[in-house]
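Asks: Right, I'll just put the structure down here and ask away after.
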Amino acid sequence: MQLSYCMSRFDFKQKGRNMELQRIDKILSSQNIASRSELKQMIQQGRVSVNGQTVKNAREKYDPETVAIAVDGREVCFRRYVYIMMNKPAGVLSASRDFRDKTVVDLLPRELQRKGVFPAGRLDKDTEGFILITDDGGLAHQMLSPKQHVYKLYEAVVDKVLTEEDVTAFRQGITCGELHFLPAEMKITAPHTALVEICEGKFHQVKKMFHAVGAEVLHLRRLRIGNVFLDPALPSGGFRELTNEEIHAILGKLHGI
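Numbering-wise (this note's numbering), the sequence shown opens with residue 200 and increments by one.
See below:
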């Protein structure tokens with residue numbers, strides 16, 4: 200996976216977050232252009248420019264969100280944070296690290312692991328599909344809040360024939376023991392299969408909701424977060440960086456844009 204360059208500048212800025220001046224080698228290193236030592240050599244060779252002017256010293260500082268940086272004449276699209284779409288496979292934990300089992304972060308290359316990325320929300324160990332991995336803690340906190348109404352779409356295969364009564368129960372809200380789940384939309388697509396859309400992220404939520412109507416989930420897959428669908432070209436365990444449009448679809452929703 201290549202994260203070094205972007206084809207266009209991503210100019211959507213999150214409100215209330217000012218960027219401090221940073222050394223040019225640190226800026227480029229954060230974008231996985233090259234190592235700090237390699238970047239110093241590239242700067243000495245005159246291969247790095249800012250606003251069309253050749254950079255002469257790796258210690259020169261800039262605000263990466265307000266200047267145009269290029270390496271070998273090719274513009275670098277600075278992103279303060281990393282946003283990665285992964286098609287999570289079954290058997291992998293939605294965690295940053297675990298002493299016994301493989302995690303979604305373990306599936307990423309070392310340069311991304313070093314950035315301190317983590318899964319924004321979780322999928323059960325046996326659940327597959329779209330999981331967002333990032334180093335943007337603010338985004339993760341807001342995205343998981345039911346108040347933000349960031350809906351997630353799941354496909355569930357269950358062990359009973361689903362009925363319109365089940366659809367109505369989901370739409371009215373499900374109570375399971377002491378837990379109450381907000382109203383959710385269910386669309387039956389086959390006798391044992393349904394699409395379910397929720398805006399919460401409670402532990403085993405979809406499974407517990409089906410359990411409350413007498414069904415056990417045999418297979419569960421997340422297809423969408425907000426307005427962003429899982430890329431059908433991603434194999435199980437595959438990942439890619441979100442596009443500018445996909446980032447805007449998620450951040451814009453959270454900031455009312």
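A virtual CB, placed ideally from N, CA and C, is assigned to each residue, including glycine.
Quick caveat, the model's predicted, so the values are computed rather than measured.
(1) Return the residue from the list GLU396, MET408, THR367 that minimises the CA-CA distance to GLU377.
(2) Since VAL395 sits in a beta bridge, which residues does DSSP pair it with?
(3) Assign ASP271 to one of two classes, buried (16 or more other C-beta atoms within 10 Å of its C-beta) or exposed (fewer than that).
(4) Under a three-way DSSP split, which group does THR253 fall into?
(5) When the Cα atoms are used, what is the spatial distance from TYR280 to THR333?
(6) Below 8 Å, can you find three or more Cβ-Cβ pairs linking the stretch 250 to 259 to the stretch 286 to 300?
(7) Per DSSP, which one or two residues make a beta bridge with ARG222?
(8) Answer with buried or exposed for MET200, where buried requires no fewer than 16 other C-beta atoms within 10 angstroms of its C-beta.
(9) Indicate whether at least one CB of chain D lies closer than 9 Å to the CB of MET241.
(10) May I have the straight-line CA-CA distance separating LEU422 from THR362, to the nearest angstrom?
(11) Can you tell me the Cα-Cα spacing of LEU352 and VAL304, whole angstroms?
(12) For GLY425, is the classification buried or exposed, using 16 other Cβ atoms within 10 angstroms of its Cβ as the cut-off for buried?
(13) Check ILE283 in the structure and name its three-state DSSP category.
(14) Could you work out which residue in LYS287, SER234, VAL405, LEU238 is closest to ARG309 when comparing CA atoms only?
(15) Of all the options ASN286, THR388, GLN244, which has the alpha carbon lying nearest to the alpha carbon of VAL427?
(16) Is it buried or exposed, THR326, if we count other Cβ atoms within 10 angstroms and call 16 or more buried?
(17) Taking the alpha-carbon positions, what's the GLU445 to GLN371 distance?
(18) Less than 6 Å between C-beta atoms, sequence neighbours within five positions excluded: which residues of the same chain meet that for LEU343?
(19) So if DSSP puts PHE493 in a beta bridge, which residue, or which two residues, is it bridged to?
(20) With a 10 Å radius around its C-beta and 16 neighbouring C-beta atoms as the bar for buried, classify PHE369 as buried or exposed.
(21) Along the chain, where does the beta strand (DSSP E) that runs through ARG440 open and close?
(22) Which partner residues does THR265 have in the DSSP bridge list?
(23) What separation, rounded to the nearest whole angstrom, lies between the Cα atoms of MET284 and PHE317?
(24) In or out: LYS359 buried (at least 16 other Cβ within 10 Å) or exposed?
Replies: If we stick to the structure as given:
(1) Here residue 377 refers to the residue found at position 178 of the sequence shown. Nearest C-alpha to GLU377: MET408.
(2) Along the sequence shown, one-based indexing puts residue 395 at 196. TYR353, MET385.
(3) The residue you call residue 271 lines up with position 72 of the sequence shown. With fewer than 16 Cβ atoms within 10 Å of its Cβ, ASP271 is classed as exposed.
(4) By 1-based counting over the sequence shown, the position of residue 253 is 54. Of the three classes helix, strand and coil, the one that applies to THR253 here is strand, per DSSP.
(5) For the purposes of this step, residue 280 is taken as residue 81 along the sequence shown, with counting starting at 1. For the purposes of this step, residue 333 is taken as residue 134 along the sequence shown, with counting starting at 1. Between TYR280 and THR333, the C-alpha separation is close to 7 Å.
(6) no
(7) Against the sequence shown, residue 222 aligns to sequence position 23. ARG222 pairs with LYS260.
(8) Counting from 1 along the sequence shown, the entry for residue 200 is found at position 1. For MET200, the predicted structure reports a pLDDT of 40, less than 50, and the residue's modelled location is therefore unreliable. A value from the coordinates is still provided. It counts as exposed.
(9) Reference to chain D is not applicable here, since this structure consists of a single protein chain.
(10) Stepping through the sequence shown from its first residue, residue 422 is reached at position 223. Stepping through the sequence shown from its first residue, residue 362 is reached at position 163. Their backbone Cα atoms lie some 22 Å apart in a straight line.
(11) Translated into positions along the sequence shown, residue 352 becomes position 153. Translated into positions along the sequence shown, residue 304 becomes position 105. Computed Cα separation, rounded: 23 Å.
(12) Your numbering for residue 425 matches position 226 in the sequence shown. Buried: at least 16 other Cβ atoms inside 10 Å.
(13) Your numbering for residue 283 matches position 84 in the sequence shown. Of the three classes helix, strand and coil, the one that applies to ILE283 here is strand, per DSSP.
(14) In the sequence shown, the residue the question calls residue 309 occupies position 110. Across the set LYS287, SER234, VAL405, LEU238, the C-alpha of SER234 shows the shortest separation from the C-alpha of ARG309.
(15) By 1-based counting over the sequence shown, the position of residue 427 is 228. Ranking ASN286, THR388, GLN244 by Cα distance to VAL427 puts ASN286 first.
(16) Residue 326 sits at position 127 when you count from the first residue of the sequence shown. That one is buried.
(17) Start at 1 with the first residue of the sequence shown, and residue 445 comes out as number 246. Start at 1 with the first residue of the sequence shown, and residue 371 comes out as number 172. Straight-line measurement puts the Cα of GLN371 at about 31 Å from the Cα of GLU445.
(18) Taking the first residue of the sequence shown as 1, we reach residue 343 at position 144. Once the five neighbours on either side are set aside, the close Cβ partners of LEU343 are GLY320, GLY400.
(19) This structure cannot settle anything about residue 493, because the visible part of the chain is limited to 200 through 456.
(20) Numbered from its first residue, the sequence shown carries residue 369 at position 170. Flag for PHE369 reads buried.
(21) Taking the first residue of the sequence shown as 1, we reach residue 440 at position 241. The question names Arg, but residue 440 in the sequence shown is Glu. Taken as a continuous stretch (DSSP letters only), the beta strand (DSSP E) holding GLU440 covers 438 to 440.
(22) Sequence index remark: in the sequence shown, residue 265 carries index 66 (1-based). THR265 is not bridged to any residue.
(23) On the sequence shown, residue 284 is found 85 positions in, with the first residue counted as 1. On the sequence shown, residue 317 is found 118 positions in, with the first residue counted as 1. Approximately 12 Å, taken between the alpha carbons.
(24) Position 160 of the sequence shown, counted from the start, is the residue given in the question as residue 359. Burial call: exposed.
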